[in-house]
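Counting from 1 along the sequence shown, just add 2 to a position and that's the residue number in our numbering.
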Amino acid sequence: MKRRNVKRDDSSPDRMDRKAAGGRRKEGTQSPWWIKRGLLAVAVCILVPVTYKIIPTLIQDIIHTYRLSVPFFEDLSRPADFSLNHTINMYLTSEEGISLGVWLTVPESRWKEAQGKDLLWYQNTLHDGNPVFIYLHGNTGSRAAPHRVGVAKLLSALGFHVVVPDYRGFGDSTGEPTESGLTTDAVHVYNWVKARSGDSLVVIWGHSLGTGVSTNTAVKLLEEGVVLDGVILEGAFNADKQYIPYNIFIWYYWKIPGIKHLFSFLWERKMPVFPTEHNLKKMKSPILFLHSEDDHLVPIEIARQTYEVAAKAQSKDRVKLVTFDGSLGYLHNGLYRDPKLPGVLK
Ligand SMILES: *[C@@H]1O[C@H](CO)[C@@H](O)[C@H](O)[C@H]1NC(C)=O
């Protein structure tokens, strides 16, 4: 330590002078420093248990107040600002106190007709016979992230409806993100769509974290006797094959400066599991895996292994894996840009 100090001081003549003058006094000033630390430690020991119960609510309040009051924060109530001119914003209550922001996009062929239409019109279009895709997005950010808007545009251009919710704690949705909470939200959105889509095909497309939510949702619905018409898993992670060292919802708490050190145990309590393999073994829906060979977050080998689990549980004609060449540079988020994708989806 001392050596380092000397080295650093050497670089500044001004500091060297001060060191020469006060080098000895340094030894004597060490005890107040430790007392300060001790006091801080005591304060933390008292504060932490006291605030243990109230802090999650507090964090939630601060986050939502903060987001609503910052004018330059993206305005998710205006999807047209994100070049989705045939999309309407709405809110669904997935359970008491949980409001979810959701975008509904009609097939692109109806974009002109959609101008100025209200929510009722959008809802009624859901049973026009065109398939409906519910897109369950990945971790962090909101439904307005460019690659998510990209998927919505692609599906819409292919003549499909697209429903893109922000789970609790994401975007302008209220609540705190937890694994079971996200699954509840997805099931709610699915049931809402189903109640309005008539006989149309309803497909769930999960990306990244959303793949975990998708298989959870499929299994939860299966327990109610519902088999999804189709499930697309893009960039699917697999917690059985990959070690995830931290709580994936940590970003939610990071928004409050300093909170991550003080209250780390709070999110450790709610460590998500996402039992993808376990779910895949139960699922009865056709599944399409989409994976880029250069995916830097979920290696392609994991995708192949995960696919094998699903293919074994059902059969090779109900479970497909489509990979994208690494040279295309799609990484974890970009494969929606691929020109062969529309063909694959149809
Ligand atoms: C609205 O969106 C559609 C579909 O993306 C696009 O073809 C059209 O040019 C857009 N119109 C305007 C006025 O921005």
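Note that beta-carbon positions come from the ideal geometry of N, C-alpha and C, so glycine has one too.
**Asked** Since I206 contacts T219 with CB under 8 Å, what's their CB separation in whole angstroms?
**Response** 7 Å
**Message:** Considering only heavy atoms of ligand 1 and the C-beta of each residue, which residues fall inside 5 Å, strictly closer?
**Reply:** N87, E110 and W113
**Prompt:** If you check the beta carbons only, do S111 and L102 fall under 8 Å apart?
**Reply:** no
**Item:** Beta-carbon proximity check, E295 vs I289, cutoff 8 Å
**Value:** no
**Request:** Tell me G103's beta-bridge partners as DSSP assigns them.
**Result:** Y93
**Asked** With DSSP run on the structure shown, which of helix, strand or coil describes L343?
**Response** helix
**Y137 beta carbon less than 8 Å from that of A154** = yes
**Request:** Give me the Cβ distance between T89 and L106, rounded to the nearest whole Å; I'm assuming they're in contact under 8 Å.
**Result:** 6 Å
**Prompt:** Does the stretch 138 to 147 come within contact of the stretch 171 to 179, defined as at least 3 CB pairs closer than 8 Å?
**Reply:** yes
**Prompt:** Roughly how many angstroms lie between the CA atoms of L337 and E236, to the nearest whole one?
**Reply:** 9 Å
**Item:** Endpoints, the alpha helix (DSSP H) within which V191 is located
**Value:** E181 to K196
**Request:** With DSSP as the reference, please indicate the residues paired to W36 in a beta bridge.
**Result:** For W36, which the question treats as bridged, DSSP gives no partner whatsoever.
**Prompt:** Which residue or residues does DSSP assign as beta-bridge partners of H293?
**Reply:** T325
**Beta-carbon proximity of L230 to S287, cut-off 8 Å** = yes
**Request:** Go ahead and pull the three-state DSSP assignment for Q244.
**Result:** coil
**Message:** Could you give the first and the last residue of the continuous alpha helix (DSSP H) run that contains V311?
**Reply:** I302 to A315
**Asked** Helix, strand or coil: how does DSSP classify Y124 here?
**Response** helix
**Message:** Which same chain residues end up closer than 6 Å to V276 when comparing Cβ atoms and leaving out the 5 residues on each side of it in sequence?
**Reply:** Inspection of the sequence shows that residue 276 is occupied by Phe rather than by Val. Contacts found: G214 and A241.
**Prompt:** Do you know whose CA, among F239, Y93, P247 and D327, lies nearest T308's CA?
**Reply:** F239
**Request:** Going by CA-CA distance only, name the one from R198, Y248, N193 and G208 that's closest to L224.
**Result:** N193
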